[in-house]
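Encoded as structure tokens, the structure appears first; notes follow it.
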Amino acid sequence: MVIDRACLALLCCLYTGLNTAHAQTPEDDRFALRTFLEQSISASSGFEDRFDAEVWLLDMQTRLQPFMPDSQERVQFLTQLHREALAADLPPELVLALIEVESHFDRFAVSRVGAQGYMQVMPFWKDEIGRPDDNLTDSETNLRYGCRILQFYWQREAGDWHRALAAYNGSLGRRTYSDKVYKAWQSRWRVEPLDW
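When we follow the numbering used here, the leftmost residue of the sequence shown carries the number 9, and every step to the right adds one.
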């Protein structure tokens, strides 16, 4: 996967002063995530090889068809998802599994607590990072926020997907949510092994 050098440098700076032994207060955690989002939300990347892109898109759009019948919408969505996942150093297939669990690929989904879009991003993050006009029902915006939030937790949890996904979901300490994402990944989106 492509590692965004600016994000890597940012994380090194961020974590130099943070205790990664999971003893942070919720306020420290929120501040660290806000700082990370402020500095990384506009980064982007994309497919590096046209052949790889075509193979991946063909495979994934077939898998996505039951959720998103329109082929043009599927290709656009998958292209955006792939770009944002790689920019955040995340496996795109894991992001697809997370979206299946979070919103069932409903771009306009709103949770009972107000989380929005494909990746169920909380709207307060827009104000926290000084981007109040961002539209979380815009797929590219939602994917960018969601991928960067998951990236933050994945790096904070030292690559432990169960803990990172639980933190993303607000259920750290429990595996119910991460097990749902794992099951979706294993049954529908998996293309290669992932260290769980």
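Where is the CB? At the ideal position from N, CA and C, for every residue including glycine.
Segment limits, alpha helix (DSSP H) that includes residue i
i      : result
Thr145 : That residue, Thr145, is in no alpha helix (DSSP H); it is neither H nor E in DSSP.
His170 : 169-177
Arg196 : Run containing Arg196: none; DSSP gives neither H nor E here.
Met68  : 58-72
Trp133 : 132-136
Spatial neighbours of residue i in its chain, beta-carbon cut-off 8 Å, leaving aside the 5 residues before and after
i      : result
Lys188 : Val109
Thr145 : Arg115, Phe116, Gln124, Gly125
Residue i (DSSP reduced to helix, strand or coil)
i      : result
Gln206 : The structure shown does not extend to residue 206, since the chain is modelled only from 9 through 204, so no value can be given for it.
Gln124 : strand
Val83  : helix
Nearest residue (CA-CA) to residue i, options the options
i      : options                        : result
Arg152 : Arg58, Ala61, Glu62, Met127    : Met127
Ile137 : Gly122, Ser119, His112, Arg156 : Arg156
Arg82  : Pro34, Ala95, Ala96, Trp64     : Trp64
Phe111 : Ser147, Tyr161, Met68          : Residue identity differs from the one stated: residue 111 is Ser in this sequence, not Phe. The shortest C-alpha separation from Ser111 is found at Ser147.
Thr149 : Ser179, Trp133, Glu200, Arg38  : Trp133
Met130 : Gly154, Asp141, Ile107         : Gly154
Leu86  : Asp97, Leu72, Leu98, Ala96     : Leu72
Val199 : Gly122, Glu35, Asp60           : Asp60
Gln88  : Asp168, Gly122, Pro100         : Pro100
Pro34  : Leu180, Trp204, Arg196, Ala93  : Leu180
Ala58  : His90, Arg139, Pro74, Tyr190   : The sequence shown places Arg at residue 58, rather than the Ala named in the question. The candidate whose alpha carbon is nearest that of Arg58 is His90.
Own chain, CB closer than 7 Å to residue i, minus 5 neighbours either side, in chain order
i      : result
Leu102 : Trp193, Leu202
Thr184 : none
Arg182 : Ala174
Beta-carbon contacts of residue i that lie in its chain and below 6 Å, excluding the five residues immediately before and after
i      : result
Ala172 : Tyr161, Trp162, Glu165
Leu106 : Val189
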